[in-house]
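Colleague: Encoded as structure tokens, here's the structure I'll be asking about.
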Ligand SMILES: Cc1ncc(C[n+]2csc(CCOP(=O)(O)OP(=O)(O)O)c2C)c(N)n1
Ligand code: SF4
Ligand SMILES: [Mg+2]
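Encoded structure:
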């Protein structure tokens, strides 16, 4: 079995604020990877652009940091091209639910095998504290000094109605529970989506006090049936739906299509290609 | 006559293109070289469309503004294309659609009635007209029948039979009125293997040949058929082909796939490329090879989706924030498109970054006859991928050689330089710019992209008239190919020809060489250049 240390990259200095929830996500991910016994060289860690997206810096795996909002399509491309590797994405809520939300809906439909973790802190942290699409109605930020006049989006419902086959929420403050979810997500044969409540000590202090941690409601406690889509929707949309953590929905045997066309096959001969254009051939 | 220019006009949805393809195919089968151009309104139904075909004994490089034969499927053709028939040219029309007021030789064919009577539907009129055309080039009747059989292969046998009969009736009606053949023809030697292909199908084929394993695109005219060809072939090629949610996804998926070991390509038009630009910079920063095909149509914004133009050179050259090391090239012919798309994969590998191949609608959708050996003639590279067992780090923030983030001024400068060095290194491997056509000339036509075809034909026409003319076709924009200044200094009267309003190539030449070309022919009509049109405008300038 691999150990958590195998995934540590110590060469790059950490730049997250002390106490940032992203540390919890990092710890949970590395624990899940080691429990799943995936060699570091078979892991591709992908980041968005944001505080959260820095995770690949300190991960001793293959690592990729692309563009703001585009971590998901890049990760899908990787997973298609190298299905033997485990692709894990850490995006921010700005990445995932703001600028890149268009990709998310289609990722549920595509169901490509990879783990998509969204560090949901309700703010654009790296750009210093504007509201994110999950900020509560009337929340104030530097770009909305009088409060945001739009309600938040609900990522779990969005995932469920878009055809997500693995839909979960974790809390960065509960590392063992989150690690368990990530481990299940890694095992899932398809697109695994985890919304992760991530306290930001600098720009979203409400998420950082003990009452916030205490408000988490574990789905396991209510005997939730993760095979039941309607039950999952009811959990997500009911009272305190945005504080529920655990696996809302998981559909195994989801007939994921595995493409057999991925690795470099070498140049084709001219005979090969002439076969393709036979219908365009001019003959007497 | 060794060159025949045909115009077919009709309403969208009437089968203008089907008839055009059938005519082009027939002439190719009779050993001729073909160039086609479709002028379609951006509408599925209810507008007047034109399909032009140049048939020649020698390589056909462009289509014409004037026709030796016009086939009028609707009344509007009588008022439009029919007016551009040359002296002694022919017009096939149905008296039911109107009385032509042109001096052409008239071939009156009641094709609507024939179609209804023989095939039971007016829709078969294009088959009747195909029969008329076959008669006018004295094509064997069996060839006509076998082509229709192939063309309608998905229809029930009795329907096919009725269509063949309708075509044969058209053949007889035209034979009674026209006794000479429009062009000397023979049936092609079956040993000579050639193909009738569009620039898009050629580009798709080149990608397969180059070993492309991953392709993603969002449909956008006029690039869409690259996606369609690659998708259709994917069960044989095993290429991973994806119609994705938008162009942002397309390029980012391709960069991801390339990072993970695939050979990746995307294709789009100007609007889609605009969305991709951040991704082009990403590929450059991450040093992941990727090929982009950009097929131009006129802009700005949605512009003219189904027309041609050369307005995107600057957009592509300047794609992305910061100094993006990005290679940009553009082919002049179909053969060159095959060669350059294939080369693009090798260049991408060599610079470990993005390479964009610019094309235009007229080349991408226009068909040409291509010899099968064009697919061998293309440069043979080794096609070895660099692989390593090391963990791969690809970080879009500035990073050191190990892929770790850095903001150290000296390292940053070094990294910026090292990315550009790869572009500079490629420059030495590119063929220098050179003159084609008459050796010593009074006029030199300077152009890029598919304008090459019309420019070459123009140079022949002018030279034949005693105005010795040659052509300088620029193919590599970044890095800018060598030899351009030296070549221009040798010219007497260079004239720039471009399908844009702002002389985008002219500006680039001035920037790179200090040489300003004063005489310019700039056209933004959305239609391809033709030799006749250019000859006229050049004479005005001289
Ligand atoms: C195309 C583009 N637009 C804007 C930015 C600036 N930007 C960088 S990070 C960020 C928001 C980050 O918020 P989030 O995704 O929630 O990540 P967090 O920092 O909260 O983890 C923005 C707007 C960018 N990098 N690229
Ligand atoms: S600003 Fe917030 S999200 Fe960013 S590192 Fe600090 S605590 Fe974490
Ligand atoms: Mg955030």
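Chains as they are written, first to last, in the working numbering: chain A, 38 to 321; chain B, -17 to 524.
All residues carry an ideal CB built from backbone N, CA and C; glycine is no exception.
(1) Confirm, please, whether the CB-CB distance from residue 245(B) to residue 553(B) is below 9 angstroms.
(2) Buried or exposed: where does residue 9(B) fall if 16 or more other Cβ atoms within 10 Å of its Cβ makes it buried?
(3) Using the beta-carbon of each residue, which ones in chain D are nearer than 9 angstroms to residue 139(A)?
(4) Quick one: residues in its chain with C-beta nearer than 6 angstroms to the C-beta of residue 201(A), no 5 flanking neighbours on either side, listed in chain order?
(5) May I have all residues whose beta carbon comes closer than 6 angstroms to any heavy atom of ligand 1, sorted in chain order?
(6) With a Cβ-Cβ cutoff of 9 angstroms, do residue 233(B) and residue 333(B) count as a contact?
(7) If you scan the segment 420 to 489 of chain B from start to end, which runs of the beta strand (DSSP E) of 3 or more residues do you find wholly inside it?
(8) So what's residue 49(B) in DSSP terms, helix, strand or just coil?
(9) What are the residues that DSSP puts in a beta bridge with residue 276(B)?
(10) Measure the alpha-carbon distance for residue 447(B) versus residue 263(B) and round it to whole angstroms.
(11) Between the C-alpha atoms of residue 105(B) and residue 436(B), what's the straight-line distance to the nearest angstrom?
(12) Where are the beta strand (DSSP E) runs, 3 residues long or more, that stay fully inside the segment 121 to 194 of chain A, in chain order?
(13) Who pairs with residue 318(A) in a beta bridge, going by DSSP?
(14) With H, G and I counted as helix, E and B as strand and the rest as coil, what does DSSP make of residue 261(A)?
(15) Please list the residues of the segment 274 to 285 of chain B that have a C-beta atom closer than 8 angstroms to any C-beta atom in chain A, keeping them in chain order.
(16) Quick one: which chain A residues come within Cβ less than 7 angstroms of residue 241(B)?
(17) Tell me whether residue 88(A) sits in a helix, a strand or coil according to DSSP, three-state version.
(18) At a CB distance below 8 angstroms, what residues from the segment 493 to 514 of chain B approach chain A? Give them in sequence order.
(19) Would you call the CB atoms of residue 313(B) and residue 341(B) closer than 9 angstroms?
(20) Considering only their Cβ atoms, is the gap separating residue 413(B) from residue 331(B) smaller than 9 angstroms?
(21) Is any non-hydrogen atom of ligand 3 found closer than 8 angstroms to the C-beta of residue 54(A), if you look at the structure I gave you?
(22) Please report how far the alpha carbon of residue 246(A) lies from the alpha carbon of residue 68(A), in whole angstroms.
(23) Taking only runs of the beta strand (DSSP E) that begin and end inside the segment 190 to 255 of chain B, which ones reach a length of at least 3 residues, in chain order?
(24) For ligand 3, is there a heavy atom less than 8 angstroms away from the beta-carbon of residue 237(A)?
(25) So with CB distances below 8 angstroms, who are the chain A contacts of residue 378(B)?
(26) What's the C-alpha gap between residue 148(A) and residue 137(B)?
(27) Assuming residue 118(A) and residue 215(A) form a contact by the criterion Cβ under 8 angstroms, report the distance between their Cβ atoms to the nearest whole angstrom.
(28) Out of 278(A), 79(A), 87(A) and 112(A), state which residue places its alpha-carbon closest to the alpha-carbon of residue 163(A).
(29) Can you grab the Cα-Cα spacing for the pair residue 114(A) / residue 438(B), in whole Å?
(30) Measure from the C-beta of residue 177(B) to each C-beta in chain A and report whether the shortest distance is under 9 angstroms.
(31) Using alpha carbons as the reference points, say which of 236(B), 426(B), 324(B) and 375(B) lies closest to residue 530(B).
(32) Enumerate in chain order the residues of its own chain whose CB-to-CB distance from residue 267(B) is below 7 angstroms, with the five nearest sequence positions on each side excluded.
(33) Using a Cβ-Cβ cutoff of less than 6 angstroms, which residues in the same chain neighbour residue 159(A) once the five nearest sequence positions on both sides are dropped?
(34) Between the alpha carbons of residue 101(B) and residue 150(B), how many angstroms are there, rounded?
(35) If the cut-off is 8 angstroms on Cβ atoms, which residues from the segment 230 to 257 of chain A count as contacting chain B, listed in chain order?
(36) Just the chain B side, please: which residues come within less than 8 angstroms of residue 307(A) by C-beta, in chain order?
Modeller: So, from the data block:
(1) There is no way to answer for residue 553(B), as the model of chain B reaches only from -17 to 524.
(2) Start at 1 with the first residue of the second chain, and residue 9(B) comes out as number 27. Buried.
(3) In the displayed structure, chain D is absent; the protein chains listed are A and B.
(4) Residue mapping note: residue 201(A) aligns to position 164 of the first chain, counting from 1. Same-chain partners within the cutoff: 145 and 230.
(5) 85(A), 86(A), 87(A), 88(A), 89(A), 105(A), 129(A), 130(A), 131(A), 132(A), 156(A), 158(A), 160(A), 161(A), 162(A), 163(A), 164(A) and 169(A)
(6) By 1-based counting over the second chain, the position of residue 233(B) is 251. By 1-based counting over the second chain, the position of residue 333(B) is 351. Contact flag unset, no.
(7) 425 to 430, 451 to 456, 458 to 460 and 476 to 480
(8) Within the second chain, numbered from 1, the residue matching residue 49(B) stands at position 67. Three-state DSSP puts residue 49(B) in a strand.
(9) On the second chain, position 294 is the one that residue 276(B) refers to. According to DSSP, residue 276(B) bridges with 250(B) and 340(B).
(10) In the second chain, counting from the first residue as 1, residue 447(B) sits at position 465. In the second chain, counting from the first residue as 1, residue 263(B) sits at position 281. Answer to the nearest angstrom: the Cα atoms are 49 angstroms apart.
(11) Along the second chain, read from residue 1 onward, the residue named residue 105(B) stands at position 123. Along the second chain, read from residue 1 onward, the residue named residue 436(B) stands at position 454. Looking at the two C-alpha atoms, the distance is approximately 35 angstroms.
(12) 123 to 129 and 151 to 157
(13) Working through the first chain from its first residue, we reach residue 318(A) at position 281. Answer is 177(B), bridged to residue 318(A).
(14) As a first step, residue 261(A) is located in the first chain; it is residue number 224 there, counting from the start. In the structure shown, residue 261(A) sits in coil (DSSP, three-state: anything other than H, G, I, E or B).
(15) none
(16) As a first step, residue 241(B) is located in the second chain; it is residue number 259 there, counting from the start. Here the neighbours are 101 and 115.
(17) Taking the first chain and counting its residues from 1, one reaches residue 88(A) at position 51. DSSP places residue 88(A) in coil when its eight states are reduced to three.
(18) none
(19) Reading the second chain from its first residue, position 331 is the one you call residue 313(B). Reading the second chain from its first residue, position 359 is the one you call residue 341(B). In this structure, residue 341(B) lies closer than 9 angstroms to residue 313(B) by Cβ.
(20) Position 349 of the second chain, counted from the first residue, corresponds to residue 331(B). Position 431 of the second chain, counted from the first residue, corresponds to residue 413(B). In this structure, residue 413(B) does not lie closer than 9 angstroms to residue 331(B) by Cβ.
(21) Within the first chain, residue 54(A) is the residue found at index 17, counting from 1. Incorrect: residue 54(A) has no Cβ contact closer than 8 angstroms to ligand 3.
(22) Working through the first chain from its first residue, we reach residue 246(A) at position 209. Working through the first chain from its first residue, we reach residue 68(A) at position 31. Each residue's alpha carbon lies about 25 angstroms from the other.
(23) 196 to 199, 222 to 225 and 246 to 250
(24) The residue given as residue 237(A) occupies position 200 in the first chain. Yes, since a heavy atom of ligand 3 falls inside the 8 angstroms radius drawn around the Cβ of residue 237(A).
(25) In the second chain, counting from the first residue as 1, residue 378(B) sits at position 396. Neighbours of residue 378(B) on chain A, chain order: 86, 102, 103 and 104.
(26) Position 111 of the first chain holds residue 148(A). Position 155 of the second chain holds residue 137(B). Each residue's Cα considered, the two are about 38 angstroms apart.
(27) Indexing the first chain from 1 puts residue 118(A) at position 81. Indexing the first chain from 1 puts residue 215(A) at position 178. Actually they do not touch by this definition, with Cβ atoms about 28 angstroms apart.
(28) If you number the first chain from 1, residue 163(A) lands on position 126. Comparing Cα positions, the closest option is 87(A).
(29) One-based indexing of the first chain puts residue 114(A) at position 77. One-based indexing of the second chain puts residue 438(B) at position 456. So the two alpha carbons sit approximately 42 angstroms from each other.
(30) If you number the second chain from 1, residue 177(B) lands on position 195. It does; some Cβ of chain A falls within 9 angstroms.
(31) Nothing can be reported for residue 530(B), as the shown portion of chain B is limited to -17 through 524.
(32) Stepping through the second chain from its first residue, residue 267(B) is reached at position 285. So the list reads 378, once near-sequence residues are dropped.
(33) Translated into the one-based positions of the first chain, residue 159(A) becomes position 122. So the qualifying residues of the chain are 169, 171, 172 and 241.
(34) Taking the second chain and counting its residues from 1, one reaches residue 101(B) at position 119. Taking the second chain and counting its residues from 1, one reaches residue 150(B) at position 168. Near 11 angstroms, if we compare the C-alpha coordinates of residue 150(B) and residue 101(B).
(35) none
(36) Residue mapping note: residue 307(A) aligns to position 270 of the first chain, counting from 1. Those are 191, 354, 357 and 358, listed as they occur along chain B.
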